[in-house]
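Presented below is the structure to which this report refers.
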Amino acid sequence: MLIVVILIAAVAAGSPARPADMREQEAVPVFAVPGEEEVAPYTPGNRNAGADPFRSTDMWEAFGGEAGVSRIVDAFVARNTSDARIAEIFRGYGLVRLRRTLKEQFCYILGGPCDYSGRDMKTAHEHMGLQHADMNALVENLQAAMTEEGVPFSAQNKFLSKLAPMRKDVIER
Numbered sequence: 001m002l003i004v005v006i007l008i009a010a011v012a013a014g015s016p017a018r019p020a021d022m023r024e025q026e027a028v029p030v031f032a033v034p035g036e037e038e039v040a041p042y043t044p045g046n047r048n049a050g051a052d053p054f055r056s057t058d059m060w061e062a063f064g065g066e067a068g069v070s071r072i073v074d075a076f077v078a079r080n081t082s083d084a085r086i087a088e089i090f091r092g093y094g095l096v097r098l099r100r101t102l103k104e105q106f107c108y109i110l111g112g113p114c115d116y117s118g119r120d121m122k123t124a125h126e127h128m129g130l131q132h133a134d135m136n137a138l139v140e141n142l143q144a145a146m147t148e149e150g151v152p153f154s155a156q157n158k159f160l161s162k163l164a165p166m167r168k169d170v171i172e173r
């Protein structure tokens, strides 16, 4: 299965982090838009995104910029919440916040003009009990959303290689 091979074998591209656009702040309760549920205080910052961004805007453009990333994230979340294999994981979690922080995270990693304000991957996923099969389903749904948006396969693979190292912080087994 290509997805598993990509995730297991992928090594994050060696691009250095861009200078921090977002100042590291004191731990504060963060809930930024109407409809978001409050979360426990944490220190926001781009380092929480889990990967360094691509150096150029080529990937951002390949994903269709802000509009493309927004559609991909919306489709990704919709697929996950309706996927019988993993839908239960999303029950009881704030989907408004999830969509916003995924859009920020994807934008930041893809080299777009965004800062990531969400929690780090380990903290965000702790006690969720995610297993390898759950992660595989998530990746399949992300690939389907990217394909639906017309993102070239090579760009999908580059992006997945940035996300793959996060697996160690998300899987609890």
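First residue of the sequence shown: 1, per UniProt numbering; consecutive thereafter. Ideal placement from N, C-alpha and C gives every residue a C-beta, glycine not left out.
Asked	Found
What are the boundary residues of the alpha helix (DSSP H) that PHE90 is part of?	87-90
Does DSSP put GLY129 in a helix, a strand or coil?	coil
Alpha carbon to alpha carbon, what distance is there between ILE89 and LEU95?	12 Å
Looking at PHE63 and VAL69, is the spacing between their C-beta atoms short of 8 Å?	yes
Helix or strand or just coil, what does DSSP make of SER82?	helix
Quick one: does SER154 have its CB under 8 Å from some CB of chain C?	Chain labels in this structure do not include chain C; a single protein chain is all it has.
Taking the alpha-carbon positions, what's the ALA133 to GLU140 distance?	11 Å
Going straight from the alpha carbon of GLU149 to that of ALA67, what length do you get?	10 Å
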